[in-house]
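To start, the structure itself, in structure tokens.
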């Protein structure tokens, strides 16, 4: 896997090749333990293994981006086949491509509580945020963190005020945001992140504390990070697509049965220097569930439609996810 700068990403868009026939899949992921299933699939070559079962030799290419906007741009440009981002970016692109590319969800990467962490001792809840606060998140107004913050604002002040806190947010990759929060001394005194960055902040800065838990906003455990693709890729590459979803399901089984090995896999594939015990604690957290079936996503979808962030009203979660046996029991 390699990282793309803004310049190389733009170049890749300009020269993006058309979709290939069966046997090639290009996956974009971002940062954090939430991408563990992809790490396991890479480490054990599960996509290639499942492809061979179906008589297809699959070449897997991996890119690392930051923010739902960049991921969505990459998918629509044809630079990638599978996008990894939050439910917020999925709903945005599903809504905007309806009747055209028809982007839908492929699977969840699990359910994780996402924390809004602040180092400002005066900020105990979102009602305490002021102009002195700057909250880093992956993509302003687009990322799932941004959408959850809007949902929280709407619950606090009413739907008409859903964007009330947007002015306090700033786009920044999770690793950079965590570094700023832990070190202190910058304008960034908050971060709406994901594991393991939020846990690193809480452990690394004595002033860091949780202001908001995504589960409290969404009404319980919920999938925050998902994978999605265009209808064209799914239809033109049925065996490759099937091998990919089967590989995800196999990876989820491995993580559930072998958290120790999963922790080692994450550290090895991500080349992260995070403490192993912290990673293992996250994986074993009873609030964390590495399931490929989406969980509790529809409430956020209803909210986004209600405030006009998406124009098309989904009747259920099945409207914005492709049908697949591995996610039949989603929500």
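Numbering (mature numbering (1 follows the signal peptide of the UniProt record, and there is no 0)), first residue to last: -21 to -1, 1 to 310. Glycine is no exception: its CB is placed at the ideal position from the N, C-alpha and C atoms.
Local Cβ density within 10 Å of residue i, reported as buried at 16 or more and exposed below that
i: residue 209; result: buried
i: residue 83; result: buried
i: residue 303; result: buried
i: residue 265; result: exposed
i: residue 235; result: exposed
i: residue 295; result: exposed
i: residue 112; result: buried
i: residue 244; result: buried
i: residue 292; result: exposed
i: residue 217; result: exposed
i: residue 66; result: buried
i: residue 178; result: buried
i: residue 5; result: buried
i: residue 168; result: buried
i: residue 214; result: exposed
i: residue 255; result: exposed
i: residue 164; result: exposed
i: residue 232; result: exposed
i: residue 276; result: buried
i: residue 109; result: exposed
i: residue 281; result: exposed
i: residue 219; result: buried
i: residue 180; result: buried
i: residue 8; result: buried
i: residue 162; result: exposed
i: residue 63; result: buried
i: residue 126; result: buried
i: residue 307; result: exposed
i: residue 224; result: buried
For residue i, the three-state DSSP class (helix, strand or coil)
i: residue 246; result: helix
i: residue 84; result: strand
i: residue 1; result: coil
i: residue 124; result: helix
i: residue 140; result: helix
i: residue 149; result: strand
i: residue -9; result: In this prediction, residue -9 scores a pLDDT of 45, lower than 50, which makes its location untrustworthy; the coordinate-derived value is nonetheless stated afterwards. The answer is helix: DSSP assigns residue -9 an H, G or I state.
i: residue 300; result: strand
i: residue 208; result: strand
i: residue 202; result: strand
i: residue 110; result: coil
i: residue -15; result: Note that residue -15 scores 42 on pLDDT, short of 50, meaning its location in the model is unreliable; the coordinates nonetheless yield the value given after this. The answer is helix: DSSP assigns residue -15 an H, G or I state.
i: residue 306; result: helix
i: residue 133; result: helix
i: residue 8; result: strand
i: residue -21; result: Residue placement at residue -21 is poorly supported in this model, since its pLDDT is 49, which falls under 50; the coordinates still yield a value, given next. Residue -21 falls in the coil class under three-state DSSP.
Segment limits, alpha helix (DSSP H) that includes residue i
i: residue 224; result: 217 to 236
i: residue 259; result: 255 to 263
i: residue 156; result: 153 to 162
i: residue 16; result: 15 to 22
i: residue 25; result: 25 to 32
Residue interval of the beta strand (DSSP E) (run including residue i)
i: residue 170; result: 169 to 171
i: residue 283; result: Element bounds for residue 283: not the beta strand (DSSP E) but the alpha helix (DSSP H), 277 to 285.
i: residue 41; result: 38 to 43
i: residue 114; result: 114 to 116
Runs of beta strand (DSSP E) wholly within the segment 174 to 200 (minimum 3 residues, chain order) | You should have 188 to 192.
Report the residue ranges of all beta strand (DSSP E) runs contained in full by the segment 50 to 104; include only those spanning at least 3 residues, in chain order.
-> Secondary structure remark: continuous beta strand (DSSP E) runs of at least 3 residues inside the segment 50 to 104, in chain order: 61 to 65, 83 to 87, 94 to 97.
Kindly confirm or deny that the segment 68 to 87 and the segment 100 to 112 touch, where touching means at least three C-beta pairs closer than 8 Å.
-> No, because fewer than three Cβ pairs between the segment 68 to 87 and the segment 100 to 112 fall closer than 8 Å, the two stretches do not touch.
Determine contact between the segment 85 to 92 and the segment 199 to 208, defined as no fewer than three beta-carbon pairs at a distance below 8 Å.
-> They touch, by the three-pair rule.
Would you check if the segment 46 to 61 and the segment 270 to 277 touch, i.e. whether three or more CB-CB distances between them fall below 8 Å?
-> Contact between the segment 270 to 277 and the segment 46 to 61 is not established, with fewer than three Cβ pairs separated by less than 8 Å.
Pairing CB atoms from the segment 63 to 75 with CB atoms from the segment 108 to 125, are three or more of them under 8 Å?
-> In short, these stretches touch, since the Cβ pair count reaches three.
Can at least three beta-carbon pairs, one atom from the segment 39 to 49 and one from the segment 177 to 187, be found at a separation below 8 Å?
-> In this structure the segment 39 to 49 does not touch the segment 177 to 187; the number of beta carbon pairs closer than 8 Å is below three.
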